[in-house]
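S.K.: Have a look at the structure that comes next, please.
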Amino acid sequence: MVQCCSHKTLCIVPLLILCLTEGLAPRTTWAGELYKYVKNGVTHYTNRPPEYVNSVKLSSPTAAIRTVSSGTTTAKTLQSKSSGKIPYSHLIYKIAKKYEMSPELVKAVIKVESNYNHRAVSPKGAQGLMQLMPETAKRFGVKDAFDAEQNITGGIKYLRFLLNEFGEHNLDLVLAGYNAGEQAVRKYGNKVPPYRETRKYVKMVKALYLGHSKYANTRIKSIYRYVDKNGIVAFTNIPRVN
């Protein structure tokens, strides 16, 4: 299973991908090449280097190849199955797509932050679905933090800022920044601050996002296939938005 990892931790990859060119890309494109990149904290593998994302060409791709299971799911199928089961799913998918954010990550954050209560207010004053502090809401253009669309937009914009700030591969720092503020992450040398609440928060959101939490309905078992506008095929076991 491909798992998110920080820059100091090895990625665990016991299940990887084959058949990248099976009717989807020219045979000459494969030539034994495999590229790895990270987006929204999720590791992806593709047969051609993706545009606009830093990728690494694997020196021995054959060592990482396994056959894709028959349970391969497309992004379109995934969204049609998921959109009606969780509150505000239509808003989450629409806004996440606009800001190139994983909707599954957004749902995990909302679940931990407010349990989908759009009227939630924390003891510290954080408001709404994604628990925006007043200054954060103002910073990202949110006028009414109790309005679901505005709140989700503000929260996603903040997550996008943190992903750009700390890197797509540093999901721990992104989540720590969302919980404690990016200043706290910088204060401790770009590491997760030693706050019990923040460390627990990072673990809970990652557990939900990766599908291993007791709060998740099911463990993620499918392999999701994506084909971009240039015909590049990518596979991951964690759904993404683009």
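FYI, the numbering for the sequence shown is -31 to -1, 1 to 211, going by mature numbering (1 follows the signal peptide of the UniProt record, and there is no 0).
C-beta: ideal position from N, C-alpha, C; glycine also.
(1) Grab me the residues of L132's own chain with a C-beta within less than 6 Å of its C-beta, minus the 5 sequence neighbours each way, in chain order.
(2) For A77, which residues in the same chain have their Cβ closer than 7 Å to its Cβ, ignoring the five residues on either side in sequence?
(3) Quick one: residues in its chain with C-beta nearer than 7 Å to the C-beta of I61, no 5 flanking neighbours on either side, listed in chain order?
(4) Roughly how many angstroms separate the alpha carbons of A44 and L101, rounded to a whole number?
(5) My assumption, with CB atoms under 8 Å, is that G94 sits in contact with G110. Please give the rounded CB distance.
(6) Nearest-angstrom Cα distance between Q152 and G146?
(7) According to DSSP, simplified to helix, strand and coil, what is Q96?
(8) Rounded to a whole number of angstroms, what is the C-alpha to C-alpha distance between R127 and K54?
(9) Pick helix, strand or coil for V111, following the three-state DSSP scheme.
(10) Helix, strand or coil for V161 per DSSP?
(11) In the DSSP assignment, find the alpha helix (DSSP H) that holds A117 and state where it starts and stops.
(12) When you compare only the Cα positions, how much space is there between K156 and R165?
(13) In this structure, does DSSP put T187 in helix, strand or coil?
M.R.: Working from what's here:
(1) V143
(2) Excluding residues within five positions, the ones whose Cβ falls inside 7 Å are V174, L177, Y178.
(3) P72, V75, K76, I121
(4) Here A44 scores only 42 on pLDDT, less than 50, and its place in the model should not be relied on; the value that follows carries that caveat. Roughly 29 Å between the two C-alpha positions.
(5) Not a contact, Cβ separation roughly 19 Å.
(6) Between Q152 and G146, the C-alpha separation is close to 8 Å.
(7) strand
(8) Note that residue 127 corresponds to Tyr in the displayed sequence, not to Arg. Taking C-alpha positions only, Y127 is separated from K54 by approximately 25 Å.
(9) coil
(10) coil
(11) 117 to 135
(12) 16 Å
(13) Confidence is the limiting factor: at T187 the pLDDT is only 41, short of 50, which leaves the residue's position unreliable and the question unanswerable from this model.
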